[in-house]
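With my numbering applied, the sequence shown corresponds to residues 23 to 272, in that order. Just so it is clear, CB atoms sit at the ideal spot from N, CA and C, and this is done for glycine as well.
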Amino acid sequence: LGGALAGSKTTDSITVSNLNPPVISTVTDNVGTITGNVSNGGVTDDTVLVIAGAAGSAVAGATVTVFNGVTSLGTTTALGDGSWSFTTATLTNATTYSFNARQTSGPNVSGLSSNYLVTIDTTAPTVTVTDNVAGTANSTTGTVVYTYTFSEPVVGLATNDFTVTNGSGSSVSGSGTTWTVNVTPANAVATGNITITLAAGGVTDIAGNPNAVNTNSAQTIDTVAPAKNTNLARSEEHTSELQAPMYLVC
23 LGGALAGSKT TDSITVSNLN PPVISTVTDN VGTITGNVSN GGVTDDTVLV
73 IAGAAGSAVA GATVTVFNGV TSLGTTTALG DGSWSFTTAT LTNATTYSFN
123 ARQTSGPNVS GLSSNYLVTI DTTAPTVTVT DNVAGTANST TGTVVYTYTF
173 SEPVVGLATN DFTVTNGSGS SVSGSGTTWT VNVTPANAVA TGNITITLAA
223 GGVTDIAGNP NAVNTNSAQT IDTVAPAKNT NLARSEEHTS ELQAPMYLVC
């Protein structure tokens with residue numbers, strides 16, 4: 023078993039042990055939209071984690087001390103089957119932790135296990151929005167292409183995450199930090215702006231942090247053709263009649 027004694031020797035009253043280090047099997051996230059085991063080297067939005075070792079990873083009844091690097095975070099006791107579990111205190115955002123563990127059984131003390139790296143990220147992704155139409159969108163514009171540039175890679179963006187006024191969303195594409203949203207301007211809008219709103223929680227970053235609501239109303243719109251000036255047309259017709267050639271008959 024992983025936690026068993028591999029051999030030891032005694033010098034005076036000090037026992038130097040080859041007790042195997044307890045293996046960290048899982049680090050569990052219980053918060054937000056993404057839960058479950060956080061992989062070694064992974065990212066989580068949970069600031070209180072459960073660090074555990076599977077059955078046989080420690081000696082039954084051993085004291086397991088959990089560390090961040092060489093700093094002790096606390097202790098727990100291995101169960102009869104050698105499994106163990108430790109819940110951290112609140113961890114710090116934007117920090118990478120190097121979790122490892124050591125077990126003590128009687129006079130025997132193991133070395134430290136391999137590091138299990140986890141980064142805490144509780145910061146929501148932010149976004150900058152631009153579009154491809156300079157000036158006013160009109161009846162000949164076709165499609166306004168919005169570019170959403172996020173502060174970090176995100177997932178989950180879809181057409182139904184948007185509400186559009188004076189237009190309609192037709193498609194969404196992209197990945198990572200850069201996404202595009204195609205919007206068709208509405209007909210018969212004399213004046214105003216296209217307003218596109220990304221709902222809160224439309225995307226999440228890899229840690230599971232959702233975005234805040236984002237509204238963009240920068241794009242002006244006018245899809246009504248100018249009305250024909252009938253008075254000007256009559257004036258032009260009258261001028262044409264006055265300028266018609268006159269012929270004298272002798």
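**Prompt:** What distance in whole Å lies between the Cβ atoms of Thr200 and Gly189, which are believed to be in contact at a cut-off of 8 Å?
**Reply:** No, Gly189 and Thr200 are not in contact; Cβ-Cβ is about 21 Å, not under 8 Å.
**Request:** Might you give, ordered along the chain, the residues of its own chain that have their beta carbon closer than 7 Å to the beta carbon of Phe184, omitting 5 neighbours on each side?
**Result:** Excluding residues within five positions, the ones whose Cβ falls inside 7 Å are Gly191, Val203, Ile218, Thr219, Leu220.
**Residues that Pro232 bridges to, as DSSP identifies them** = Pro232 is bridged to Thr226.
**Item:** Beta-carbon spacing of Ile216, Val194 below 8 Å
**Value:** Cβ distance not < 8 Å, so Ile216 and Val194 don't count as in contact.
**Message:** Using DSSP's beta-bridge definition, name the partner residues of Asn130.
**Reply:** According to DSSP, Asn130 shares a beta bridge with Ser127.
**Prompt:** Quick one: Cα of Gly63 to Cα of Asn160, how far?
**Reply:** 50 Å
**Asked** If you compare alpha carbons, which of Asn238, Gly128, Thr148 is closest to Asn40?
**Response** Gly128
**Asked** DSSP puts Ala84 in a beta bridge; with which residues?
**Response** None, per the DSSP bridge assignment.
**Item:** Nearest-angstrom beta carbon gap, Val49 and Phe121 [assumed within contact, 8 Å]
**Value:** 7 Å
**Prompt:** Among all the DSSP beta bridges, which residues are the ones paired with Val65?
**Reply:** Thr141
**Residues near Ala247 by beta carbon distance below 8 Å, same chain, minus five either side** = Ser161
**Backbone secondary structure at Thr187 - three-state DSSP** = strand
**Prompt:** Along the chain, which unbroken stretches of the beta strand (DSSP E) at least 3 residues long are found entirely within the region 96 to 125?
**Reply:** Qualifying beta strand (DSSP E) stretches, in chain order: 106 to 109.
**Request:** Using three-state DSSP, classify Asn182 as helix, strand or coil.
**Result:** Here Asn182 sits in helix by DSSP.
**Prompt:** Counting pairs of beta carbons, one from the region 137 to 150 and one from the region 227 to 244, are three or more of them closer than 8 Å?
**Reply:** yes
**Request:** Flag this pair as yes or no: are the beta carbons of Asp8 and Tyr168 separated by less than 8 Å?
**Result:** The structure shown does not extend to residue 8, since the chain spans only 23 to 272, so no value can be given for it.
**Asked** What number of angstroms, rounded off, separates the C-alpha of Lys250 from the C-alpha of Asn209?
**Response** 19 Å
**Request:** Find out if the Cβ-Cβ distance for the pair Val86, Gln125 is shorter than 8 Å.
**Result:** yes
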